[in-house]
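Asks:
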Amino acid sequence: METKLAENGTSLDEKQDPKRICSSLLGIQGKIDSLIGRFESFMLATGVLLMAGNTVANVIGRYIFQHSLFFTEEVNRILIILITFAGVGYAARQGRHIRMSAIYDALPVRMRKFLMITISVVTAGMMFLLCYFSLAYIGKVMASGRVLPALQIPVWWIFVWVPLGFFMTGLQYLLTAVKNILEKDVYLSTSVLEGYDDTEIEI
Amino acid sequence: MAAAMMLAMIILLLLGFPMMVPLIIAALIGFYEIFGGVGKMDFMVQQFLTGIRPASLIAVPMFILAADIMTRGESARRMIDMVMAFIGHVKGGLAVSTATACTLFGAVSGSTQATVVAVGSPLRPRMLKAGYKDSFILALIVNSSDIAFLIPPSIGMIIYGVVSNTSIAELFIAGIGPGLLILLFFTVYSVIYATLTNVPTEPKASWGERLTAVRQAVWPLGFPVIIIGGIYGGVFSPTEAAAACVLYAIILEFLVFRSLNLPDIYAIAKSTGLITAVVFILVAAGSAFSWVISFAQIPQAMLGAIGITEMGAIGVLFVISIAFFIGCMFVDPIVVILVLVPIFAPVVKSVGLDPVLVGTIITLQVAIGSATPPFGCDIFTAIAIFKRPYLDVVRGTPPFVLMLLSVAVLLIFFPEIALTLRDVAFR
Amino acid sequence: EKWRYAFEESLTEVQGVYATKFKEEIEANSDHEVLLFPYGTLGESADIMEQAQAGILQFVDQSPGFTGSLIPEAQVFFVPYLLPTDQEHLSRFYKNSKAINEDFKDLYANQGLELLNMFPEGEVAMTTKDPVTGCEDLNEVKFRVMTNPLLVESYKAFGAIPTPLPWGEVYGGLQLNIIQGQENPTFFLYSTKIYEVTDHITYAGHNNFTTAVMANKEFFDGLSPADQKVVNDAAAAAYDYIVSYQQGLAEQELDKIKKAKPEMTVTVLSEEQRSCFKDAAKDVEAKFIEMTGDSGKAILDQLKADLKATM
Ligand code: NA
Ligand code: NA
């Protein structure tokens, strides 16, 4: 990692100053982007905490009130969808999606940059495609009128995160491509330079 | 079609695309070929959602959250200090303790991913500090966690039992022998490794120091009580035990140790969500991929071509092992069991193999596959939680896979490893 | 042409046996091929249903218990003591019922599905850790039910603590005593090894498990009259086959259970012991009507009339 930074001619600290990361894209765009980031991370944290609360409540209900919460399982299912799809976009923003970078890492900078732009564009395309497919799928579920057996709410409600998550992820990758075209360094995401970093970036 | 899918997947994987993309593109190719167009592709999304539906998956974020609270707070350190007070002076002691802790935790929790997080995240820094190489540590954690498949309760064995009409109780018993044998192999390897690479040991702690360490760890020892006592005692399901651990961890770290504050828990929950998401999106994409494989009946076509009916019992066991090993390289283990077991069922019956032995061998292969690149949930979890590149996580894997495969071969030639305990209990 | 058929059980269980017979009939009487997809290979029950509705699958077997979220009236099959335990009577009933062959056919058609058959999978038995001789023995028992509101109501009315759990967690839950009971047809108790982790089987006669086989409607309507006849004949032949296949099946499977676990007790409740279950059934029936309104009541009344007519 040290060599990579030297090669790029910049230090990680300088580039990853939190204030700069908050809105690495300039102006109003950056503000909206950072707002979305905040919202995604809020949904993520809340989703996880609600899941813990819901599961504990079920245990307490069963032992203290002799009554299982019949909806616990469904609520957790809703939350896991929320966590996954709110998290996909957030992970894209943080450059945390899992990849096999061995060959990529061995390439010279110019090649890496070209490859990163290709990867970002293709990934963005796939995400937008899946966003479109998930809208189509939700349409089908909506038309069928299927409801959750315990909560009796329409099933499609719990899927609305899916297209949203795909769209936000696609957008992030698209912006990453733009960023890589505009800037000198190679970026894993709009806010993260390539290279593995042990410090978490907080938004 | 299968060839085009595999080729696209491997090329994109090697080029460094985010792993969900190769899976998605391979699945898209499959969907396109099957339906001759894009008309039905919205069902990819259905399969994404199916992949993350199983209730047992909920235990994963819960254990991640509990482990993260314990690690950032005091609990994990105090527990490890206690263990170190007893084994710190033994060559390879820390590695052996890690492997044992993974086996125990995995056995009880039933979730290999949760094990990687819960045991790995507090112990990896300590092992690094003790002088072990990261590649060894990561491979040890991932592979020891996968022993969980073999030791009851095991979701893989339950699925196999239901699909193949085999006694689940017998499978559970049969898994214990091979599971312990693997742990023994890993233990021996850890000690040899520590000796060869000359990992330094700590001075032997006095009984006074040990007593202090135990005292320090009294509160955190509630975690094993909740998990082991709670699950085996019939108080909690594994998921609920995980949630109970979250509650207990919050109480300990906030009220007893006062090591964390409210903003900390928000940050920890967020990081738990992030790790969950990057792993689960791959589980989801993998589910779409395996749907295509299953729908196109590709395994049937491939197995039909090799003429398995001509082979004897040993040959059949080898083919089964190889098929499950390859299957689990690319597809989620549960799906592999669901798809492949019915295909092999007639052959297993016709050569007169003991279905409990077959189930044990399959479960072992599934465990190996979960730790074997390219597709393995436990590898993904390790990447996400430890923030190491893919290659770093799998670099130390070969010796472990070799040991696991040798146990598989031993099991084929000496079925007693699995069946002795079963016969004592049931025959 | 290749037709795809998915079902909710494994190949050797009742739905799988029906599907295998159906496949044989189709392949013997036409040049079409039927590919079978057992439990889990293409997703769960709700997934294969959606795939059948979308025409990705040509045939699907889904039990009305799972169809409840799509067609609420289908939950009528969970009203306790509605269906008799006499298998002969049941086999006449499914074949000739107007409620099934006309009313439900229309309800399924609205969902893009052609109902081919409904058939019984056997009397539902309770398996528990402690003996059950009446409602009072279910008191405080955490009883696993499918995630289905009417089933939850039933066991609440029986006095148990209904605990909805996904099937994958049932074996472990019983072994670890998180739940103390569950219900299923006899063959399923054996094939899924649930008997290993419970000690008592009780027949209260409160229900018979019903399942339904459907084709995608667009696909079916688009078939030539000759092919439609092949499909209908195959369904009829598979129906007759599965009814005779199940004669004595419950007893056989029960014998296998007793052989594997001699200490297992099997109890058939007497009329008197059943009385409190039957009283509870009235509340459940009222709940069903409350949940499904007039159309539910109409189906219920028609089913009762059909049952009387096929006595
Ligand atoms: Na286990
Ligand atoms: Na793998």
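Chains D, S and U are the protein sequences, given in the same order. FYI, the numbering for the first sequence is 336 to 538, going by the numbering used here. FYI, the numbering for the second sequence is 299 to 725, going by the numbering used here. FYI, the numbering for the third sequence is 12 to 322, going by the numbering used here. Heads up, the beta-carbon is just placed ideally off N, CA and C, and yes, glycines get one too.
On the three-state DSSP scale, how would you describe HIS100(U)?
Replies: Helix, per DSSP.
Asks: Can you give, in chain order, each stretch of the beta strand (DSSP E) that sits fully within the stretch 171-243 of chain U and has at least 3 residues?
Replies: Complete beta strand (DSSP E) runs here, min 3: 172-175, 192-196, 211-214 and 219-227.
Asks: Identify every run of the beta strand (DSSP E) within the stretch 414-499 of chain S, keeping only runs that are complete inside it and at least 3 residues long; order them along the chain.
Replies: Within the stretch 414-499 of chain S, no complete beta strand (DSSP E) run reaches 3 residues.
Asks: Over the uninterrupted alpha helix (DSSP H) stretch that includes GLN284(U), give me the two end residues.
Replies: Run containing GLN284(U): 282-320, per the alpha helix (DSSP H) assignment.
Asks: Determine the chain U residues that contact TRP589(S) at a beta-carbon separation under 8 angstroms, and present them in chain order.
Replies: Within chain U, the residues near TRP589(S) are LEU53 and GLY54.
Asks: Tell me whether PRO352(S) sits in a helix, a strand or coil according to DSSP, three-state version.
Replies: Reduced to three states, the DSSP call for PRO352(S) is coil.
Asks: Excluding the 5 residues flanking ALA261(U) on each side, which residues of the same chain have their C-beta closer than 8 angstroms to its C-beta?
Replies: Taken in chain order, the residues that qualify are GLY133, GLU134, PRO196, THR197 and PHE198.
Asks: Check whether chain D comes within 8 angstroms of SER41(U), counting only Cβ atoms and requiring the distance to be less than that.
Replies: Cβ-Cβ to chain D under 8 angstroms: no for SER41(U).
Asks: Taking the C-alpha atoms as reference points, what is the distance between LEU442(D) and VAL699(S)?
Replies: Their backbone Cα atoms lie some 29 angstroms apart in a straight line.
Asks: What is the DSSP secondary structure of LEU528(D), counted as helix, strand or coil?
Replies: Three-state result, LEU528(D): strand.
Asks: Taking 7 angstroms as the cut-off, is the beta-carbon of VAL135(U) closer than that to any non-hydrogen atom of ligand 3?
Replies: Ligand 3 is absent from the structure shown, which contains only ligand 1 and ligand 2.
Asks: Name the DSSP beta bridge partners of ARG434(D), please?
Replies: In the DSSP output, where bridge partners are listed per residue, ARG434(D) has PRO316(S).
Asks: Under 8 angstroms, do PRO451(S) and GLY408(S) count as touching if we go by C-beta distance?
Replies: Yes; because the gap between Cβ atoms is below 8 angstroms, this pair is in contact.
Asks: Taking the continuous beta strand (DSSP E) assigned at GLN73(U), which residues delimit it?
Replies: That run of the beta strand (DSSP E) goes 70-73.
Asks: Taking LEU636(S) as the query, report the chain U residues whose CB atoms sit under 9 angstroms from its CB, ordered along the chain.
Replies: Under the 9 angstroms cutoff, chain U gives PRO49, TYR50, GLY51 and THR52.
Asks: Classify ASN441(S) as buried or exposed, calling it buried when 16 or more other Cβ atoms lie within 10 Å of its own Cβ.
Replies: Counting Cβ neighbours within 10 Å, ASN441(S) comes out buried, since at least 16 surround it.
Asks: Rounded to the nearest angstrom, what separates GLU229(U) and ALA65(U) at their Cα positions?
Replies: Cα to Cα, the separation comes out at about 9 angstroms.
Asks: Listed from N- to C-terminal order along the chain, which residues in the stretch 170-183 of chain U have their beta-carbon within a distance smaller than 7 angstroms of any beta-carbon of chain S?
Replies: Listed by position, the residues of the stretch 170-183 of chain U near chain S (Cβ gap below 7 angstroms) are PRO177, GLY179, GLU180, TYR182 and GLY183.
Asks: Is GLU12(U) buried or exposed, if buried means 16 or more other CB atoms sit within 10 Å of its CB?
Replies: By the neighbour-count rule (16 or more Cβ atoms within 10 Å), GLU12(U) is not buried but exposed.
Asks: Have a look at LYS685(S) and PRO420(S) and give me their C-alpha separation to the nearest angstrom.
Replies: Taking the straight line joining both Cα atoms gives about 14 angstroms.
Asks: Between the stretch 476-509 of chain D and chain U, which residues of the former have CB atoms less than 8 angstroms from a CB of the latter, in chain order?
Replies: Those residues of the stretch 476-509 of chain D that come within reach of chain U (Cβ to Cβ, closer than 8 angstroms) are VAL476, SER479, GLY480, ARG481, VAL482, LEU483, PRO484, ALA485, GLN487 and VAL490.
Asks: Residues bridged to VAL482(D) by DSSP?
Replies: Note: VAL482(D) sits in a beta bridge opposite PRO489(D).
Asks: Under a Cβ-count criterion, where at least 16 other Cβ atoms within 10 Å of its own Cβ denotes burial, should HIS3(U) be classed as buried or exposed?
Replies: With chain U covering 12 to 322 only, the question about residue 3(U) has no answer from this structure.
Asks: Which residues in chain S sit within 8 angstroms of GLY372(D), going by Cβ to Cβ distance?
Replies: Near GLY372(D) there are no residues of chain S at all, since even the closest Cβ is about 11 angstroms away, more than 8 angstroms.
Asks: Where PRO498(D) and LEU93(U) are concerned, what is the direct C-alpha to C-alpha distance, given to the nearest angstrom?
Replies: Straight-line Cα distance between these residues: approximately 44 angstroms.
Asks: Report yes if the CB atom of GLY505(D) is closer than 8 angstroms to the CB atom of PHE420(D), and no otherwise.
Replies: Cβ atoms of GLY505(D) and PHE420(D): not closer than 8 angstroms.
Asks: Could you name the residues of the same chain whose beta carbon sits closer than 7 angstroms to that of ASP676(S), not counting the 5 residues immediately before and after it, in chain order?
Replies: Cβ within range, chain order: THR410, GLN411, VAL414, VAL440, SER443, ASP444, SER668 and ALA669.
Asks: Which term fits SER21(U), buried or exposed, when burial requires 16 or more other beta carbons within 10 angstroms of its beta carbon?
Replies: So SER21(U) ends up on the buried side.
Asks: Within 8 angstroms (strictly less), CB to CB, does ASP58(U) reach chain S?
Replies: Taking Cβ atoms only, chain S reaches closer than 8 angstroms to ASP58(U), which makes this a yes.
Asks: Are any of the Cβ atoms in chain U nearer than 8 angstroms to that of SER358(D)?
Replies: For SER358(D), the pLDDT reaches just 47, beneath the cut-off of 50, and the residue's location in the model is therefore unreliable, although a value from the coordinates is still provided. False, the Cβ-Cβ gap to chain U never drops below 8 angstroms.
Asks: Buried or exposed for ILE356(D), going by 16 or more other Cβ atoms inside 10 Å?
Replies: Bear in mind that a pLDDT of 46 at ILE356(D), under 50, signals an unreliable position, so the number given afterwards is only what the model happens to contain. The residue is buried, with at least 16 neighbouring Cβ atoms inside 10 Å.
Asks: The alpha helix (DSSP H) spanning LEU719(S) covers which residue range?
Replies: Start and end: 714-724.
Asks: Measuring straight from C-alpha to C-alpha, what distance separates GLU84(U) and ILE362(S)?
Replies: Straight-line Cα distance between these residues: approximately 42 angstroms.
Asks: From the DSSP output, read off the bridge partner residues of TRP14(U).
Replies: TRP14(U) is bridged to VAL45(U).
Asks: Which residues of chain U have a Cβ atom closer than 7 angstroms to the Cβ of SER535(S), listed in chain order?
Replies: Going along chain U in sequence order, the residues near SER535(S) (Cβ under 7 angstroms) are GLU180, GLY184 and ILE189.
Asks: Can you give me the C-alpha to C-alpha distance between SER465(S) and ASP251(U), rounded to a whole angstrom?
Replies: So the alpha carbons of these two residues sit roughly 31 angstroms apart.
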